[in-house]
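Residue numbers (our numbering): 336 to 714.
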């Protein structure tokens, strides 16, 4: 038996790799420890897959950054071009709108020139002719007995036969007395024979002023004035009247009113004999204007006469224009009120009163946009 510590055994151990069949005794041979030598550590070597993924991520980030920069540069140029194109479009649209408005205005003037008797006489001439009529400018006190009857007869004749475009003719004085004939319905118009059609109806609005003197009323107005027992001081009594004579037939309503407090009355007094225009105001679904003139004797108010009229014919004209078939045509004044449109115009309710809406209150986007531009240009 060989001693393991013998040189022969040691040689066998060291020659283990040379022969796999050699047998050794003791522990498995190990690497001799060298305490003084520094320990060697294994250096980290990243796998190839991680290296490739990192390179791909870096390239992707760089590519995305370059594409973002390129998109921003191109998009900025496109935005500037879009803004420039929008400005040019707005300029072209403004020129087109101006041309269309001028065309409509020219057509309006042409139609009013061709239909002067219908348009101009209805819109302007008829109310002014009422004011220029000497019979209406004179007060009943200046005309003697029965003067109020004569005055009412002239008023009704002018409203029912002479000035078919008017909606009402009225008279007032310094004491607050007031009388007005109004056209309630005119669906049939005139038949050309001098008499109103049966479809026409009229009313008489009468305010006796501050007092009712039955004997004086009987002397001045025995046939066309309402019965004295129906009248109340500073109360308006409304009567249905005969379509042929204007004589009152039946009282419809009565309510308190002092005409001296109304805007048109105060404006006429302040104008000192000049013609005053009031409105537009809504009356039974239509826009109504009022023209008034006061006559003074020195500083004393003697008589006030006026007429009411509408612009229904103007709305009809706007609806029949070529532009109305493609869009909307309307007229707005400097104060912002919608005077007339080519479409039905609903009135605004404020308390118990209906009034004409302004363009700011309209729900139509075209009216809002165009009116804002028109008001801006008008200053």
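Glycine residues also receive a C-beta, built at the ideal position from the N, C-alpha and C atoms.
message: In whole angstroms, give me the CA-to-CA distance for residue 641 and residue 547.
response: Within the chain shown, numbered from 1, the residue matching residue 641 stands at position 306. Within the chain shown, numbered from 1, the residue matching residue 547 stands at position 212. When rounded, the distance between both Cα atoms is 24 Å.
query: Is the closest heavy atom of the ligand NAD to the C-beta of residue 506 under 7 Å?
result: The ligand NAD is not among the ligands present in this structure, which contains no ligands whatsoever.
message: Check for me: the beta strand (DSSP E) holding residue 574 runs from which residue to which?
response: If you number the chain shown from 1, residue 574 lands on position 239. Segment 570–576, the beta strand (DSSP E) holding residue 574.
query: Which residues share a DSSP beta bridge with residue 543?
result: Sequence index remark: in the chain shown, residue 543 carries index 208 (1-based). Partner(s): none; residue 543 has no beta bridge.
- request: Pull up the distance between the alpha-carbon of residue 550 and that of residue 675, whole angstroms please.
  value: Within the chain shown, numbered from 1, the residue matching residue 550 stands at position 215. Within the chain shown, numbered from 1, the residue matching residue 675 stands at position 340. Roughly 48 Å between the two C-alpha positions.
Reduced DSSP category for residue 700 - H, G, I as helix; E, B as strand; rest coil: Here residue 700 is taken as the residue at index 365 of the chain shown, counted from 1. DSSP places residue 700 in the helix class (H, G or I) of the three-state scheme.
message: Going by DSSP in three states, residue 585 sits in which element: helix, strand or coil?
response: Looking up residue 585 in the chain shown gives position 250. In this structure, residue 585 counts as strand in the three-state DSSP scheme.
task: Return the bridge partner residues of residue 612 from the DSSP annotation.
output: By 1-based counting over the chain shown, the position of residue 612 is 277. Answer is 626, bridged to residue 612.
Backbone CA spacing between residue 529 and residue 496 [nearest angstrom]: For the purposes of this step, residue 529 is taken as the residue at position 194 of the chain shown. For the purposes of this step, residue 496 is taken as the residue at position 161 of the chain shown. Below a pLDDT of 50, predicted positions are generally treated as unreliable, and residue 529, at 41, falls in that range; the measurement from the model is reported next regardless. About 7 Å.
task: Spell out the partners DSSP gives residue 728 in its beta bridges.
output: The question about residue 728 has no answer here: the residues shown for the chain are numbered 336 through 714.
query: Tell me which same chain residues have a C-beta within less than 6 Å of the C-beta of residue 540, skipping the five on either side of it?
result: Position 205 of the chain shown holds residue 540. Correct list, in chain order: 515, 571, 573.
- request: Count the other CB atoms, across all protein chains shown, that sit within 10 Å of the CB of residue 579; report buried if there are 16 or more and exposed otherwise.
  value: Numbered from 1 along the chain shown, position 244 holds the residue referred to as residue 579. Taking a 10 Å sphere around the C-beta of residue 579, we find fewer than 16 other C-beta atoms and assign the residue as exposed.
- request: Run the CB neighbour count on residue 494, radius 10 Å, all protein chains shown included, and call it buried at 16 or more, exposed below.
  value: Here the question's residue 494 lines up with position 159 in the chain shown. Buried is the call here.
message: Considering Cα atoms alone, identify which of 419, 475, 503 is closest to residue 625.
response: Along the chain shown, one-based indexing puts residue 625 at 290. Taking residue 625 as reference, the option from 419, 475, 503 with the minimal CA-CA separation is 503.
message: Just to confirm, is the Cβ distance from residue 481 to residue 588 under 8 Å?
response: What you label residue 481 is simply residue 146 of the chain shown in a count that begins at 1. What you label residue 588 is simply residue 253 of the chain shown in a count that begins at 1. No, the pair does not count as a contact, with Cβ atoms beyond the cut-off.
Among 462, 699, 562, the one whose alpha carbon lies nearest that of residue 665: Position 330 of the chain shown holds residue 665. Cα-wise, what sits closest to residue 665 is 699.
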